[in-house]
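Novice: Can you read through this structure? Questions will come right after.
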Amino acid sequence: MSKEPIQVEVTLGGWTTDIGSLPTGDWRVFKPVLKAELCTKCWLCELSCPEGMISKTDTGPSIDYDYCKGCGVCAKECRFKAIEMVRE
Amino acid sequence: MGKIESLNGNQAVAHGVRLARVNVVPAYPITPQTTVVEYISDFVNDGELNARFIESEGEHGMMGQSIGAAATGARVFTATCSQGLAYAYEQIVSASERRLPIVAAIINRPIDGFWPDHTDSLSVRDWPWIQMYVENAQEALDTILQAYKIAEDPRVSLPVFVCVDGFYLSYTTELVNIPEQEEADRFLPPFKPAFYVIDPKNPASFRIGMGPSSMAVRVASEEALRRSKEVIQEVAREFEEKFGRSYGNGLIETFMMDGAEVALVTMGSMTGSAKEAVEELRKEGKKVGLIKLRTFRPFPREDFQRVTPSLKALAVCDRNVVQGTEAGAMLLEIKNALWYQPKKPLILGFIAGLRGTEVGVRDFKYLAEKTLKAANEGKIEKEIEWYPPVKAIIKKPDPIPQDKLAKMAYPGTSACQGCGMVLTYRHMLDVLGRNAVYVQTAGCMAWMSTAPGKTATTIPAVFSWLPAGSATTSGVYEGLKSQGKDEGVNVVLFTGDGSYGDMGFMAGSGSAERNDNIIVLCYDNEGYMNTGGQRSGTTPHKAATTDTPVGTRIAGKLGMKKDLPSIMAAHHVPYVATASTAYMADFRRKLEKASKIKGFKYIHVLSPCPTGWRYPSENLMEIGRLAVQSGFWTLYEIEDGKMKVTMKVKNRIPVKDYLKMQGRFRHLTEDDIKAIQEMTDRNYERLLRQERLDTEPLQMQTA
Chain H
1 MSKEPIQVEV
11 TLGGWTTDIG
21 SLPTGDWRVF
31 KPVLKAELCT
41 KCWLCELSCP
51 EGMISKTDTG
61 PSIDYDYCKG
71 CGVCAKECRF
81 KAIEMVRE
Chain C
1001 MGKIESLNGN
1011 QAVAHGVRLA
1021 RVNVVPAYPI
1031 TPQTTVVEYI
1041 SDFVNDGELN
1051 ARFIESEGEH
1061 GMMGQSIGAA
1071 ATGARVFTAT
1081 CSQGLAYAYE
1091 QIVSASERRL
1101 PIVAAIINRP
1111 IDGFWPDHTD
1121 SLSVRDWPWI
1131 QMYVENAQEA
1141 LDTILQAYKI
1151 AEDPRVSLPV
1161 FVCVDGFYLS
1171 YTTELVNIPE
1181 QEEADRFLPP
1191 FKPAFYVIDP
1201 KNPASFRIGM
1211 GPSSMAVRVA
1221 SEEALRRSKE
1231 VIQEVAREFE
1241 EKFGRSYGNG
1251 LIETFMMDGA
1261 EVALVTMGSM
1271 TGSAKEAVEE
1281 LRKEGKKVGL
1291 IKLRTFRPFP
1301 REDFQRVTPS
1311 LKALAVCDRN
1321 VVQGTEAGAM
1331 LLEIKNALWY
1341 QPKKPLILGF
1351 IAGLRGTEVG
1361 VRDFKYLAEK
1371 TLKAANEGKI
1381 EKEIEWYPPV
1391 KAIIKKPDPI
1401 PQDKLAKMAY
1411 PGTSACQGCG
1421 MVLTYRHMLD
1431 VLGRNAVYVQ
1441 TAGCMAWMST
1451 APGKTATTIP
1461 AVFSWLPAGS
1471 ATTSGVYEGL
1481 KSQGKDEGVN
1491 VVLFTGDGSY
1501 GDMGFMAGSG
1511 SAERNDNIIV
1521 LCYDNEGYMN
1531 TGGQRSGTTP
1541 HKAATTDTPV
1551 GTRIAGKLGM
1561 KKDLPSIMAA
1571 HHVPYVATAS
1581 TAYMADFRRK
1591 LEKASKIKGF
1601 KYIHVLSPCP
1611 TGWRYPSENL
1621 MEIGRLAVQS
1631 GFWTLYEIED
1641 GKMKVTMKVK
1651 NRIPVKDYLK
1661 MQGRFRHLTE
1671 DDIKAIQEMT
1681 DRNYERLLRQ
1691 ERLDTEPLQM
1701 QTA
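Residue numbers (the numbering used here), protein chains in the order written: chain H, 1 to 88; chain C, 1001 to 1703.
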């Protein structure tokens, strides 16, 4: 009648080099969708995305939907209405 | 006979406080205690409890306020846990040495850790505080009422901790009988101080015991603790008579001990599961009972001497560990109590359920079976075991892979949607680049480390608790400097307003006064947003928060917004600036400038918080812009003592346009808004005037 110990890895003092992230894309209710024809590449969306999930590409902004939380700041900030929030 | 409602543990505590007609409640938020004081603030603001609610600047102050108030003869309640308890330590000792009958709830959570265990409250067990541990929400409410009666008894006159397991009890809901006020009043009369109180009409002074008398002081408090055992039992009896609910004799509670050969010993919420395990084992014909330790201090040694001689074995299940002894605190005390007993059981020690690890009915059955086996064989395999058994494998983490170093900030943080802080953080890393070290303090920032043992950045990040953020940052810089490793390195503290402006202010002021070569970046979301949105020193006047709620009697924060940048500028440091998340270019320029200046640099960023300020998340930039455009928040920098307003607003919009977008200001009256408009105008003009003054040549010259 004895139990095998659970083996747990620990680092001294909590030092870590483990880059981790949560798949926050599934927090979204509304999804930012780019209307490329309206985009002027002013990059205000890139500047104001809290998570930094919009990156600059030659063809315009690219949105990382794995992590985009759907806050809607990019759509609100776009002066050319080139980003629309669409229900998932 | 009262009314039955479904309450969580923290609500039950708050109802106990309301029924005890407490006069003063100093409070500072900390998970999982926070909602206790939030519920109390609701009672106060709605006039259901006629008490002074003190929004403390930290737990050290909170306990200091408790001492001061109790010394005047007021009935005082406070609550804390974990880090907060540790921070209050000095004042905790003073409260008991002053013999003040304060009642404090500890919503147990370990220090420097999370999830419940009893290591926080047990770390203050060696002072003359009474410590009572509760099993469920009903007992939490009832024990608050009992605690005042015990504490205020002239034979005792000592403070009491009522310990409630965090998370398990604080946040789970059960049916609780809430006594009527008249019933509570009949049980607990108004407080009559045993000795002197602070009163100019009857002067007496309060000193610390020094010299030969100080040992006698300890003797006296030890005797009071011993006497309190009788008082605790009297109070338990009277409570049972008046309310019909019994908690053993007040010191311990025995369960199914008739004819028991072995017994489990538990404390706190795990007792519930242990009782169920005992019931099941009894049905199987196994002679198992349970002893619940309700009062840990004073330790009821006589009760253990009384109930254990008939037992063959005892399983002591400690939800704590006294490090360096390989044992739990209950085990040490019980062994101590039974040392001279002619007939004593075998004693098995289990360190069970540390840091919230679940120990359920099945686990207690397993532990009881193990104890039965020891009883039958008349010997024990192991004196003390960790349960569940864990083997720690020390691992040195591998270096961050090269491909991951390409990015400095990784996504997937647990910050809320549309968080201004994350935006600030990401731009900060971008401006400062790789040659930086950043220190973060507990708060929303703590969630940037995405998951336990993981980090969301590839530059060195150091975690610090609220009061020591600036101190840790200074230490990092001096440590690097002492080894010649500081060349071009920016050491930056990324901290919240509550942390830096309230509890961490002492350390912050120290760093500034020494002109330590660090950058402090304070993101101001105007409250303690990580603990659920309580007010901080920098919460604006009248704003509603979860502990300055809109009630029928009081609505919103009564004090003003602490002008932290001005206070930091008053340290005459090389660089102080204000910034806003809505004006990123301005912020980035200021941070860039700060990174090139030697000495102490302070940047205060107004960082809107959709959750706490109550506005839709997409309005992050809009809110920030309106704050600046209305003059509610002004962008300036003070370089070498000279003020420069970096964004002058020609046609300021009414401050109402800014306020009305946020739920926290929804209750404001036209008069309130008018007063805020006036303050805003005055402040904006003062800054412009200061800028003009600073550009004029000096008038006075020495001969």
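Glycine included, every Cβ here is placed at the ideal spot set by N, Cα and C.
Cα separation between M1/H and E1369/C?
Specialist: Annotation note: pLDDT 48 at M1/H (below 50); position unreliable, coordinate value reported separately. Whole-angstrom Cα-Cα distance: 9 angstroms.
Novice: So L1264/C packs on L1290/C, CB below 8 angstroms; how close in whole Å?
Specialist: 5 angstroms
Novice: Answer with yes or no whether the minimum CB distance from M1/H to chain C is below 8 angstroms.
Specialist: The predicted position of M1/H is uncertain, since its pLDDT is 48 and thus under 50; a value taken from the coordinates is nonetheless stated next. Closer than 8 angstroms to some Cβ of chain C, the Cβ of M1/H qualifies, so yes.
Novice: Within the 8 angstroms Cβ cut-off, does K1660/C reach chain H?
Specialist: no
Novice: Of the residues that make up the segment 1263-1281 of chain C, which ones have a beta carbon closer than 7 angstroms to any beta carbon in chain H?
Specialist: Listed by position, the residues of the segment 1263-1281 of chain C near chain H (Cβ gap below 7 angstroms) amount to none.
Novice: Evaluate contact between the segment 1233-1242 of chain C and the segment 1076-1088 of chain C, counting only Cβ atoms and requiring at least three cross-stretch pairs below 8 angstroms.
Specialist: no
Novice: What is the rounded straight-line gap between the Cα of C1419/C and the Cα of T1578/C?
Specialist: 19 angstroms
Novice: Counting only C-beta atoms, is D1117/C closer than 8 angstroms to chain H at any point?
Specialist: no
Novice: Where does Q1065/C fall in DSSP's three states?
Specialist: helix
Novice: The alpha helix (DSSP H) spanning F1505/C covers which residue range?
Specialist: 1505-1513
Novice: Answer with yes or no whether the minimum CB distance from V10/H to chain C is below 8 angstroms.
Specialist: yes
Novice: Determine the direct distance from the alpha carbon of G1047/C to that of A1014/C, and round the result to whole angstroms.
Specialist: Each residue's alpha carbon lies about 14 angstroms from the other.
Novice: Hey, could you find the ends of the alpha helix (DSSP H) V1431/C is sitting in?
Specialist: 1420-1432
Novice: What does DSSP give as the partner residue(s) for V1605/C in the beta ladder?
Specialist: For V1605/C, which the question treats as bridged, DSSP gives the partners Y1523/C, A1579/C.
Novice: Just to confirm my understanding: we take I1676/C, look at its own chain, exclude 5 residues before and 5 after, and list those with CB closer than 6 angstroms. What are they?
Specialist: V1655
Novice: Assign M1215/C to one of two classes, buried (16 or more other C-beta atoms within 10 Å of its C-beta) or exposed (fewer than that).
Specialist: exposed
Novice: With the cut-off set at 8 angstroms, would you say Y1438/C and V1492/C are in Cβ contact?
Specialist: yes
Novice: Which full runs of the beta strand (DSSP E) of 3+ residues lie inside the segment 1334-1417 of chain C, going along the chain?
Specialist: DSSP runs (the beta strand (DSSP E)) wholly in the segment 1334-1417 of chain C: 1346-1352, 1384-1387, 1390-1394.
Novice: CA-CA distance, M1457/C and K76/H?
Specialist: The residue you asked about is not Met; residue 1457/C is Thr in the sequence shown. The straight-line gap from Cα to Cα measures roughly 28 angstroms.
Novice: Give me whichever residues DSSP pairs with A1313/C in a beta bridge.
Specialist: V1262/C, L1346/C
Novice: Mind listing the chain H neighbours of N1525/C? Cutoff is C-beta to C-beta under 8 angstroms, in chain order.
Specialist: By Cβ distance, chain H contributes nothing, its closest Cβ being about 13 angstroms from N1525/C, past 8 angstroms.
Novice: Using a Cβ-Cβ distance cut-off of 8 angstroms, determine whether I1106/C contacts chain H.
Specialist: no
Novice: Is the Cβ of S1464/C closer than 8 angstroms to any Cβ of chain H?
Specialist: no
Novice: For a contact defined as C-beta to C-beta under 9 angstroms, what are the partners of N1530/C on chain H?
Specialist: Going along chain H, no residue has its Cβ under 9 angstroms from N1530/C, so there is no contact; the nearest lies around 16 angstroms.
Novice: So, at 7 angstroms on beta carbons, what are the nonlocal neighbours of A1137/C in its own chain, with the 5 sequence-adjacent residues on each side left out?
Specialist: L1007, N1008, G1009, A1012, L1169, E1174, V1176
Novice: Kindly indicate the opening and closing residues of the beta strand (DSSP E) around D1165/C.
Specialist: 1160-1165
Novice: For S1566/C versus S1511/C, is the C-beta distance shorter than 8 angstroms?
Specialist: no
Novice: By a C-beta neighbour count over all protein chains shown, 10 Å radius and 16 as the cutoff for buried, is P1110/C buried or exposed?
Specialist: Only buried fits P1110/C, as 16 or more other CB atoms lie within 10 angstroms of its CB.
Novice: What is the rounded straight-line gap between the Cα of D64/H and the Cα of C74/H?
Specialist: 13 angstroms
Novice: Check whether the Cβ of I1111/C lies closer than 8 angstroms to any Cβ atom in chain H.
Specialist: It does not; no Cβ of chain H falls within 8 angstroms.
Novice: Quick check on the burial criterion: 16 or more other C-beta atoms within 10 angstroms. Buried or exposed for I54/H?
Specialist: buried
Novice: Show which residues of chain C have a CB atom less than 9 angstroms away from the CB atom of D64/H.
Specialist: P1411
Novice: Going along the chain, which residues of its own chain have a beta-carbon closer than 8 angstroms to the beta-carbon of Q1483/C, five neighbours each way excluded?
Specialist: none
Novice: Determine the chain C residues that contact S48/H at a beta-carbon separation under 9 angstroms, and present them in chain order.
Specialist: The contacting residues are L1423, T1581, A1582, M1584, L1620, M1621.
Novice: Would you say A82/H reaches chain C, if we count a Cβ-Cβ gap shorter than 8 angstroms as a contact?
Specialist: no
Novice: Any C-beta of chain H within less than 7 angstroms: which residues of the segment 1341-1358 of chain C qualify?
Specialist: none
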